[in-house]
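Reviewing the structure listed below.
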Amino acid sequence: MSAVWPVARAAVRRRRVQTLVIGVVVLLSTTMIVVALGLLAASSGPFDRAYTKQSGAQLTASYDRSKVSDTQLTEAARNAAAVAGPFAQATLELDRSSMMDSLVTVGRADPGGAVDRLNVWQGRWAAKADEIVLNRNPTDSQGRGTAKLNDTVSTAGRTFTIVGFAYSVSQSAEAWVTPEQMSALHPTSTQMLYRFTRAATNEDVAAGQKAVTAGLPSGALIGTQSYLALRAQVAGEPNTFVPFLMVFGWLGLAVAVLIVANVVSGAVVAGFKHIGVLKALGFTPMQVLTVYLGMVSIPAVVGCAGGVVLGNVLATSLLTRAFENYGAGGVGVPIWVDLAALFGVPALVALSALAPALRARSLSAAQAISAGSAPKAGRGLRVQRWLSGSRLPRPLSLGLGLPFARPGRTALTLAAVVLGVTSVTLAVGLGKSLTTYQTASSRVGAVDLAMFAGPNGAEPGGGEPAGAEPGGPGTPPGAKLSDAEDEAAIRAVPGVLSVGAFTDLEMRLAGSQADLRVSFYRGDFEQVGYRLLAGRWFDGPGEVVVSERFLRQRGLAVGDTITLQARGKSVRAQIVGKAMYNSGDEVLSNWATLGQIAPDLRANTYEINVKPGTNLDGVVQAILAKDSGLMEAEGQDAGTFVTIVLATVILLTLMLGTVAALGVFNTVILNTRERRRDLGMLKSIGMTPAQVIVMVVTSMTALGALGGLLGIPLGILAHRLVIPAMANGAQIDLPDFMLDVYPPGLLALFVLAGILIAAAGAYLPARTAARATIATVLHNE
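Going by the numbering used here, the sequence shown opens with residue 9, and the numbers climb by one from there.
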């Protein structure tokens, strides 16, 4: 076997184009596979590890202190596997001089316990009055505020010194003080933290919640937060990318297998004499087999190693950003993914090369040396004779007949083109579905004009936003008229069809520490572009409409009731509908609900639609003439997520299109080398170089057209599978009409895409063949 390795290396160096094609194809395919499998494998792993390490709460519950006592809560908690609490809880509304607006604060004696063990990673725990510990993740690059140790925060005449930073994987609070200090803050709720024997599903957590709240007074439970909702939230971003990365990865791997099989098959056919010489020199059939497998395996292993490295870099970047908020620093691709790629991809490549290598093994020395490299007599001759009798120009008829000379090679090349067109079809459909959804969910173009009335504040004129210097740079304008006067003035402008007024208020969902932006609407809000997917619109106080993402992240459904908190007040609201928008931290409600919380607020934005043909600049000027304090607001954009996904899809499509074109490129090189005598003869009887190019390119464009026709239905099928999977990973509800994105004209372009892929791969070797002189061709023969 000592001679096998030098011969295999020599074959790799001699067949440089084939070696490069195999290496590039395997590198790109491995990269996509590693990224996809890495995201899939790690999408929940870091969160689960952090939760186990800190014994995170599987259910965080807030109770009304006026309706249930600590003794009752402790008694009911016997049904849990582990419990922490009761802890008194209050929301501290901070002064404007503080670096934060508010803090959900819990009175806790120490950071330990059976549930939600806190990691005090800087400073110490609060030990006396007027000391506070803030919740901040040590690995979070966007920690809440810019507060440092020994800084102070102020609220209602009290000043607290920050003595430490701790991290709660359960997100149970934003700050902690001593229990004695909390008593002085007059808490309104009580926090309980539970772990259950079984908590793998939402049903398990719901059963546990029912057990620990059995026997408690009605209305005592204010709100809850399940750890499954936290996990779904953190896994949303990577899980969105996994479906299409997996599809593109497997498509790339399939193309790689086809191309490798084609390369080795061509190498065997073109190297009959080489095989005969090896056997004449004493090489055994097994050694010949090893030479040809080695010729493929060397570039495959190099390409696979490079793909694993590149895939790890890309996947680690995505995972680190996705999981940093849960203390999962140093997130990377699991080792089994790297090992599977390093051993699996080269093995699959070698397996694809096994059949043609076995052919080389079975040839005897005499058969191999005496065999010619041209196709067998009569192969494809019948088709070529039929084409020669047609009225097509001779270069076209000869070109259309060439694929029939090598049906096996033609089938492999056709399959590569089919997969290339499948990728293009999937990519275009994916892009159209995403942009259509994002345009609809972001209401892009649904509102003709938006006028900003300034920040929230009392009537009229609003007020400065927290932390802003009056009159300073960037200070928003303030409306001169009252809210009612502004709306009436806008409605009176000629050409205005509808006006929807709203204001935003930052609120908290009871039981959760995440901020919510609640938009309170009045007027013609149904005309400003929101699509209702389930339920109905709000028509009374205490009713809200939310998104699918909001429901999934919190384990809620239409018809459930939530408690919203702001300005020291709470309001119970029923979810009456589900609307089409992306945010999981935004809630839509009506003006009647706002009156229960902040009746002094005015609308800060007016969304306006006008009659077709109305001059928007004229409408703006007419509105400003009545209230010069209003300002035209910027319209909605499609967001950055779609931009990122589209850029990724375009990149992957170009990669797969390039790979498919490389397969065609390799096929044309093999064909022209085998038929160099025929090309010389054709040139000797008058065929011009341009006609040679037309003949060779035509032979592949015919395959491209057929590949386009076959690849389109596969691409549409892949689109129908990938889009719902992406929607599920992104925690959104995708309407059926978002899947119908393939008009007939677009399908015709996909056929053209197959032709372009084939023509692009065929052009360069066709031009090389056309430039070869007759003397050179016949001399080499």
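C-beta: ideal position from N, C-alpha, C; glycine also.
Which whole-angstrom value is the C-beta distance of E556 and V584, which I expect to be below 8 Å?
Counted from its first residue, the sequence shown places residue 556 at position 548. Counted from its first residue, the sequence shown places residue 584 at position 576. In fact, because the Cβ distance is near 15 Å, the residues do not count as touching under 8 Å.
What is the rounded straight-line gap between the Cα of G352 and the Cα of A363?
Position 344 of the sequence shown, counting from 1, holds the residue named residue 352. Position 355 of the sequence shown, counting from 1, holds the residue named residue 363. Looking at the two C-alpha atoms, the distance is approximately 18 Å.
Who does G115 pair with in a DSSP beta bridge?
One-based indexing of the sequence shown puts residue 115 at position 107. Note: G115 sits in a beta bridge opposite V185.
Are I616 and M459 close, meaning C-beta to C-beta below 8 Å?
Translated into the one-based positions of the sequence shown, residue 616 becomes position 608. Translated into the one-based positions of the sequence shown, residue 459 becomes position 451. A Cβ-Cβ contact shorter than 8 Å links I616 with M459.
For G486, would you say it is in contact with chain C, using Cβ-to-Cβ distances shorter than 8 Å as the test?
The chain labelled as chain C is not found in the depicted structure, where only one protein chain is given.
Residues in the same chain with beta-carbon distance under 6 Å from M746, minus the five sequence neighbours each way, listed in chain order, please.
The count along the sequence shown starts at 1 and reaches residue 746 at position 738. S441, T444, Y445.
Taking buried to mean at least 16 other C-beta atoms within 10 Å of its own C-beta, is G465 buried or exposed?
The sequence position of residue 465 within the sequence shown is 457, counting from 1. For G465, the predicted model reports a pLDDT of 46, less than 50, meaning its position is unreliable; a value from the coordinates is still stated below. Buried, since its Cβ has 16 or more Cβ neighbours within 10 Å.
Taking its Cβ as the centre, do 16 or more other Cβ atoms sit within 10 Å of D456, making it buried, or is it exposed?
Sequence index remark: in the sequence shown, residue 456 carries index 448 (1-based). When all chains shown are included, D456 counts as buried.
Could you name the residues of the same chain whose beta carbon sits closer than 6 Å to that of A207, not counting the 5 residues immediately before and after it, in chain order?
Along the sequence shown, one-based indexing puts residue 207 at 199. Residues of the same chain with a CB within less than 6 Å of the CB of A207, apart from the 5 flanking positions on each side, are Q66, V213 in chain order.
Environment of N158 [buried if 16+ CB atoms lie within 10 Å]:
To locate residue 158, count along the sequence shown from 1; it is residue 150. So N158 ends up on the exposed side.
Helix or strand or just coil, what does DSSP make of L7?
Residue 7 cannot be examined here, being either before or after the span of the chain that is shown, 9 to 789.
CB-CB length for L513 against F528, believed under 8 Å:
Here residue 513 corresponds to residue number 505 of the sequence shown, with the count starting at 1. Here residue 528 corresponds to residue number 520 of the sequence shown, with the count starting at 1. For L513 against F528, the beta-carbon gap comes to about 7 Å, under 8 Å, which counts as contact.
Assuming P354 is part of the alpha helix (DSSP H), what are its boundary residues?
As a position in the sequence shown, residue 354 is number 346, starting the count at 1. According to the DSSP assignment, P354 belongs to the alpha helix (DSSP H) that extends over 343-370.
For F528, three-class secondary structure by DSSP:
As a position in the sequence shown, residue 528 is number 520, starting the count at 1. Three-state DSSP puts F528 in a strand.
Within 10 angstroms of its Cβ, does N674 collect 16 or more other Cβ (buried), or is it exposed?
As a working note, residue 674 is residue 666 in the sequence shown. That one is buried.
Looking only at DSSP bridge pairs, what is I658 linked to?
Looking up residue 658 in the sequence shown gives position 650. None, per the DSSP bridge assignment.
C-alpha gap between S197 and A96, whole angstroms
Your numbering for residue 197 matches position 189 in the sequence shown. Your numbering for residue 96 matches position 88 in the sequence shown. Just so you know, the alpha carbons of S197 and A96 end up roughly 6 Å apart.
I'd like to confirm the pairing. Which residues does DSSP put opposite Y175 in its beta bridges?
Indexing the sequence shown from 1 puts residue 175 at position 167. DSSP lists N127 as partners of Y175.
For the beta strand (DSSP E) containing E139, name the first residue and the last one.
By 1-based counting over the sequence shown, the position of residue 139 is 131. If you look at E139, you'll find it in the beta strand (DSSP E) that goes 139-143.
Among K156, S372, T209, T430, nearest to W258 - alpha-carbon criterion:
The count along the sequence shown starts at 1 and reaches residue 258 at position 250. For the residues K156, S372, T209, T430, the minimum Cα distance to W258 belongs to T430.
Assuming S234 contacts L201 under a Cβ cut-off of 8 Å, what Cβ separation, rounded to an integer in Å, is found between them?
Within the sequence shown, residue 234 is the residue found at index 226, counting from 1. Within the sequence shown, residue 201 is the residue found at index 193, counting from 1. So it is not a contact: roughly 12 Å between Cβ atoms.
Quick one: measure Cβ to Cβ for L434 and V255, integer angstroms, because I've assumed they're closer than 8 Å.
Here residue 434 refers to the residue found at position 426 when the sequence shown is read from its first residue. Here residue 255 refers to the residue found at position 247 when the sequence shown is read from its first residue. Going by Cβ atoms, the distance from L434 to V255 rounds to 7 Å, so yes, they are a contact pair.
Between the segment 69-88 and the segment 132-148, are three or more C-beta pairs nearer than 8 Å?
Because the criterion of three Cβ pairs below 8 Å is not met, the segment 69-88 and the segment 132-148 do not touch.
Comparing C-alpha positions only, which one of D593, W545, D568, G592 sits nearest to W599?
By one-based count along the sequence shown, residue 599 stands at place 591. Minimum Cα-Cα distance from W599 among the listed residues D593, W545, D568, G592 corresponds to W545.
For T196, does the three-state DSSP call read helix, strand or coil?
Mapped onto the sequence shown, residue 196 falls at position 188. Three-state result, T196: coil.
Between the segment 742-757 and the segment 563-580, can you find at least three pairs of beta-carbon atoms closer than 8 Å?
At 8 Å Cβ cutoff, the stretches do not touch.
With 16 other CB atoms within 10 Å as the buried threshold, where does R560 fall?
Residue mapping note: residue 560 aligns to position 552 of the sequence shown, counting from 1. R560 should be labelled buried.
Reference F558, options P732, Q573, D547, K586, closest by Cα:
Locating residue 558 in the sequence shown gives position 550, where the first residue counts as 1. Closest by alpha carbon: K586.
Could you tell me which residues DSSP pairs with R166 in its beta bridges?
Position 158 of the sequence shown, counting from 1, holds the residue named residue 166. Residue pairing by DSSP places R166 opposite T163 in a beta bridge.
Which residues mark the beginning and the end of the alpha helix (DSSP H) in which G724 is found?
The residue labelled residue 724 in the question sits at position 716 within the sequence shown. This sequence places Ile at residue 724; Gly is not what is there. Element bounds for I724: 697-737.
Ends of the beta strand (DSSP E) at P225?
For the purposes of this step, residue 225 is taken as residue 217 along the sequence shown, with counting starting at 1. It is not in any beta strand (DSSP E) - P225 carries neither H nor E in the DSSP assignment.
Segment limits, alpha helix (DSSP H) that includes P94
Mapped onto the sequence shown, residue 94 falls at position 86. P94 -> not in any alpha helix (DSSP H); beta strand (DSSP E) instead, spanning 90-101.
In or out: S398 buried (at least 16 other Cβ within 10 Å) or exposed?
Residue mapping note: residue 398 aligns to position 390 of the sequence shown, counting from 1. The residue is exposed, with fewer than 16 neighbouring Cβ atoms inside 10 Å.
Would P251 and A733 qualify as a contact pair, given that the criterion is a beta-carbon distance under 8 Å?
To locate residue 251, count along the sequence shown from 1; it is residue 243. To locate residue 733, count along the sequence shown from 1; it is residue 725. A Cβ-Cβ contact shorter than 8 Å links P251 with A733.
Bridge partners for R203 per DSSP, in chain order?
As a working mapping, residue 203 is identified with position 195 in the sequence shown. In the DSSP output, where bridge partners are listed per residue, R203 has A90.
Please report the residue range of the beta strand (DSSP E) in which V552 lies.
Residue mapping note: residue 552 aligns to position 544 of the sequence shown, counting from 1. V552 -> beta strand (DSSP E) spans 551-554.
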